[in-house]
Structure formats: C-alpha cells, structure tokens
Amino acid sequence: MQFKLKQGGLDTAPLKFLLDFIDHAAEAAKLSSTAIAKADKARQQAQADLAKTMQSEVNEVDSIENNY
Amino acid sequence: MGDGEGHLAVRDGASEYFFYGSGRKHIKYLKARLCTRARHDLAGLAYEIVYPSDDVLFVEVALNDKAVAPAVLAIVPLNKANQAKKDLDDLGTFTKAVGHAGIPDKYVVLTESGEVATTFLPQALTARVAELIKSSTLISLHLTDQYKIKPASYEEKKGSTAV
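Now the structure itself:
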C-alpha cells in the first residue's frame with residue numbers, strides 16, 4: 015500500500031484501513047468459497063493461456079531454426 | 342516495533358526511513374518505508390518547483406500462510422493501470438479491470454474476477470477507500486500471493502532468494 019502523508023503529522027486513517035482490510039480479507043477467505051473458486055478458475059485459465067502463448071513462441075523459434 | 346534497540350525508525354539517508362513491526366494476528370511482519378521530500382537539498386527543492394512531490398509511505402505487509410485465500414487484487418489510479426500491469430507480473434498475468442461500485446472514476450480495481458473484488462471490498466471498506474482517494478491520501482493498494490516480478494530464470498530466482 016502506498017499513501018501520501020499530510021503536512022502536520024501522520025494521519026492514521028490509512029493504516030487503520032489497511033489493518034481492517036487485512037482482518038476482513040482473512041475472514042472473507044473462510045466465508046466466500048465461491049469467489050475464491052472463481053478466482054482460482056480465472057487463474058488457471060490465465061496460466062493455460064500463458065503456457066499456450068509461450069509454447070507457440072517456442073514452436074515458432076523451432077520452426078525458424080529447422081528451416082535455417 | 343522498531344529495530345530492537347529502542348529506535349522506532351531506522352534512518353537510511355537524508356530523506357528515507359524504515360519501520361519494522363510484527364506481532365499482530367494474520368501478519369508475519371510489516372515493513373514501511375517513508376520517503377520524504379528532499380528538504381535537505383536545495384537543488385532537490387528547486388527541482389520540486391517544476392515537478393512537485395509528496396512525502397510518501399510505502400507499507401508492505403507479509404501475511405501468514407493461508408491467512409488469506411490466494412487472490413490478486415489491486416486498486417490503482419486509472420492512468421497508471423496499464424503501466425502497473427506491465428511492471429508487475431501478477432497484475433499482467435492474472436488480472437483485468439473490473440467495475441466496482443463506490444470506487445471513484447479516477448481509480449480502477451484490477452483483480453481476477455468481479456466476485457473477488459466484492460468479497461475483499463465490501464461496501465463499508467469501499468466507502469473508506471473512496472474517502473482515502475478523495476482526500477488524495479491513498480496512492481495504491483496491492484494484495485497478492487504471487488511474485489511481483491517474475492524471476493527470469495532459475496539462477497536469478499536462486500540469487501534473489503539468497504539476498
């Protein structure tokens with residue numbers, strides 16, 4: 015988290031928010047399995063897409079090398 | 342909190358200070374870096390006339406294993422979202438911009454799915470984010486369980502863990 019400091023001392027509101035956010039995130043992890051499952055699915059899809067892109071790049075390099 | 346020798350902050354240059362803390366539920370440790378304006382430096386002050394800067398606090402919190410579900414979520418300024426996705430591997434690989442009610446227009450939520458944003462940012466916390474953005478206090482927030490920067494090779498990864 016990055017935040018700007020105001021003149022005249024530290025405003026504690028951002029730090030309080032950060033700690034509350036962490037506490038909530040820890041609770042939310044237990045409560046919302048649907049959201050976490052969706053995130054996991056999206057992540058697996060992103061990783062699969064990335065792997066596909068990387069594989070196609072490798073194939074492209076291989077074909078250039080073979081033709082050379 | 343502090344360096345164990347009675348100092349809360351450790352000075353690391355004329356305009357940089359480090360803080361360290363631990364001992365809270367769900368948290369392994371907290372590291373904060375305070376970067377102040379270059380008030381000690383005349384040239385720096387002159388530079389600030391052209392390019393104004395602020396005192397900025399960077400807070401990094403390491404959470405306990407399994408304290409928070411694996412997810413990536415960031416709240417960043419809209420005009421810096423593309424740059425953040427380029428710079429940070431986890432944001433670039435896994436996230437997309439999702440609409441989240443209550444977040445001011447000049448900011449965007451980057452996450453894996455809309456449900457993640459709704460789960461981690463309920464209405465009450467969103468209202469507080471909006472307040473911090475409106476008061477120009479919050480610059481960015483980033484929650485992740487991934488490397489921020491992808492190790493380019495096994496050797497590089499090995500090197501970075503040794504540091």
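Sequences listed follow chains A and B, in order. Per the working numbering, the first sequence runs over residues 15 to 82. Per the working numbering, the second sequence runs over residues 342 to 504. All C-beta atoms, glycine included, are put in the ideal place defined by N, C-alpha and C.
Taking all protein chains shown into account, decide if residue 441 of chain B is buried (16 or more other Cβ within 10 angstroms of its Cβ) or exposed. Along the second sequence, read from residue 1 onward, the residue named residue 441 of chain B stands at position 100. When all chains shown are included, residue 441 of chain B counts as buried.
So which of B/418, B/431, B/436, B/465 has the shortest CA-CA distance to residue 445 of chain B? Counted from its first residue, the second sequence places residue 445 of chain B at position 104. For residue 445 of chain B, the nearest C-alpha among the options comes from B/418.
Does chain A have any CB closer than 8 Å to the CB of residue 441 of chain B? What you label residue 441 of chain B is simply residue 100 of the second sequence in a count that begins at 1. For residue 441 of chain B, not one C-beta of chain A is nearer than 8 Å to its own C-beta.
Since residue 481 of chain B sits in a beta bridge, which residues does DSSP pair it with? Mapped onto the second sequence, residue 481 of chain B falls at position 140. DSSP, once it has assigned bridges, lists A/16 as partnering residue 481 of chain B.
Closer than 8 Å, CB to CB, is residue 478 of chain B near chain A or not? Here residue 478 of chain B refers to the residue found at position 137 of the second sequence. Output row for residue 478 of chain B: interface = yes.
Any Cβ of chain A within less than 8 Å of the Cβ of residue 454 of chain B? By 1-based counting over the second sequence, the position of residue 454 of chain B is 113. Nearest CB-CB separation between residue 454 of chain B and chain A: below the 8 Å threshold.
Taking Cβ positions only, does residue 78 of chain A come closer than 8 Å to chain B? As a first step, residue 78 of chain A must be located in the first sequence, where it is residue number 64. No, residue 78 of chain A does not count as interfacial toward chain B.
Please list, in chain order, the chain B residues whose beta carbon lies closer than 7 Å to that of residue 65 of chain A. Taking the first residue of the first sequence as position 1, residue 65 of chain A is located at position 51. Under the 7 Å cutoff, chain B gives no residues; its nearest Cβ is about 11 Å from residue 65 of chain A.
What does the alpha-carbon distance come out to for the pair residue 355 of chain B and residue 377 of chain B? For the purposes of this step, residue 355 of chain B is identified with residue 14 of the second sequence, where counting begins at 1. For the purposes of this step, residue 377 of chain B is identified with residue 36 of the second sequence, where counting begins at 1. Rounded to the nearest angstrom, the two C-alpha atoms are 9 Å apart.
Would you identify the three-state DSSP class for residue 437 of chain B, choosing helix, strand or coil? Taking the second sequence and counting its residues from 1, the one referred to as residue 437 of chain B is at position 96. Residue 437 of chain B: strand per DSSP, three-state reduction.
Less than 8 Å between the C-beta atoms of residue 434 of chain B and residue 415 of chain B, yes or no? The residue you call residue 434 of chain B lines up with position 93 of the second sequence. The residue you call residue 415 of chain B lines up with position 74 of the second sequence. For residue 434 of chain B and residue 415 of chain B, no; Cβs fall outside 8 Å.
Sorted by chain position, which residues of the same chain lie with C-beta nearer than 7 Å to residue 32 of chain A's C-beta, five sequence neighbours on each side aside? Taking the first sequence and counting its residues from 1, one reaches residue 32 of chain A at position 18. Same-chain partners within the cutoff: 15.
Could you pull out every residue in the same chain whose Cβ sits closer than 7 Å to the Cβ of residue 473 of chain B, ignoring the five residues on either side in sequence? As a first step, residue 473 of chain B is located in the second sequence; it is residue number 132 there, counting from the start. Correct list, in chain order: 479.
Would you please verify whether the beta carbon of residue 498 of chain B is less than 8 Å from any beta carbon of chain A? Residue mapping note: residue 498 of chain B aligns to position 157 of the second sequence, counting from 1. Any reading at residue 498 of chain B needs caution, since the residue's pLDDT is 49, under 50, leaving its predicted position unreliable; the model's value is listed next. Not closer than 8 Å to any Cβ of chain A, the Cβ of residue 498 of chain B fails to qualify, so no.
At which residue ranges does the region 406-471 of chain B contain complete beta strand (DSSP E) runs of 3 or more residues, listed in the order of the chain? The region 406-471 of chain B contains these whole beta strand (DSSP E) runs: 414-418, 437-439, 448-452.
Using DSSP bridges, identify the partner residues of residue 365 of chain B. Here residue 365 of chain B is taken as the residue at index 24 of the second sequence, counted from 1. Residue 365 of chain B is not bridged to any residue.
Does residue 62 of chain A come within less than 8 Å of chain B when only Cβ atoms are used? Reading the first sequence from its first residue, position 48 is the one you call residue 62 of chain A. Not flagged as an interface residue toward chain B: residue 62 of chain A, since no C-beta distance is shorter than 8 Å.
Is the distance from the Cβ of residue 49 of chain A to the Cβ of residue 408 of chain B below 8 Å? In the first sequence, residue 49 of chain A corresponds to position 35, counting from 1. In the second sequence, residue 408 of chain B corresponds to position 67, counting from 1. For residue 49 of chain A and residue 408 of chain B, no; Cβs fall outside 8 Å.
Does residue 15 of chain A have its Cβ less than 8 Å from a Cβ in chain B? Numbered from 1 along the first sequence, position 1 holds the residue referred to as residue 15 of chain A. Cβ-Cβ to chain B under 8 Å: yes for residue 15 of chain A.
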